[in-house]
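Q: Have a look at this one.
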Amino acid sequence: MAETGNSRDRGGIHVTNTSGNVTIGDSNTVTSTVNGTQPARDARQEELLQAIRRLRADLEGVVPTEQTAALDAELSDAEDEIEGTGRAGTGRLAALRRALTDAGAVAGILASGVAVGQAVGALLGG
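FYI, the numbering for the sequence shown is 21 to 146, going by the working numbering.
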């Protein structure tokens, strides 16, 4: 074994300068606690977030199609954006509106789909 200073180097792994969690080996568990506050959301963004969550839950009960999968992906991205920044931006809202339109009948017959459409419309101004 090589000597390095006063300690022995056993050929281990050295990890330095991390700004996050690191785990090495099998069956490890990492817990990360982030301190701080959630971004503030206005009532309309909160309404949209709740409608998105209901629609995503409702989509689990329908036969998946390419359009519903794309809609779920847009819903997921919008949910992440609202949770991360406190709001869904105009580009995200427009993409969500397109995905709702593309999913067509499925989104239109689900009350949660209508609620998301109305919330998006209110935020986009029409």
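The C-beta atom is built at its ideal place from N, Cα and C for all residues, glycine as well.
Computed from a predicted structure; not experimentally measured.
Out of curiosity, what's the CA-to-CA distance linking Ala168 and Gly137?
A: Beyond the ends of the chain as shown, which are 21 and 146, falls residue 168; an answer cannot be given.
Q: Between which two residues does the alpha helix (DSSP H) harbouring Gly104 extend?
A: Taking the sequence shown and counting its residues from 1, one reaches residue 104 at position 84. For Gly104, the uninterrupted alpha helix (DSSP H) run begins and ends at 86 to 105, by DSSP.
Q: Measuring only the C-alpha atoms, how far is Leu113 from Ala142?
A: Translated into the one-based positions of the sequence shown, residue 113 becomes position 93. Translated into the one-based positions of the sequence shown, residue 142 becomes position 122. Going from the Cα of Leu113 to the Cα of Ala142 covers about 10 Å.
Q: In angstroms with no decimal places, state the Cα-to-Cα distance between Leu68 and Ala139.
A: Locating residue 68 in the sequence shown gives position 48, where the first residue counts as 1. Locating residue 139 in the sequence shown gives position 119, where the first residue counts as 1. Cα to Cα, Leu68 sits roughly 5 Å from Ala139.
Q: Please state whether DSSP places Val140 in a helix, a strand or coil.
A: Stepping through the sequence shown from its first residue, residue 140 is reached at position 120. Here Val140 sits in helix by DSSP.
Q: Return the chain-ordered list of same chain residues with a C-beta closer than 8 Å to the C-beta of Arg76, the five sequence neighbours on each side being excluded.
A: Here residue 76 refers to the residue found at position 56 of the sequence shown. Excluding residues within five positions, the ones whose Cβ falls inside 8 Å are Asp92, Leu95, Ser96, Glu99.
Q: Exposed or buried, which one is Arg107 when buried takes at least 16 other CB atoms within 10 Å?
A: Taking the first residue of the sequence shown as 1, we reach residue 107 at position 87. Buried is the call here.
Q: Buried or exposed for Ile102, going by 16 or more other Cβ atoms inside 10 Å?
A: Indexing the sequence shown from 1 puts residue 102 at position 82. So Ile102 counts as buried.
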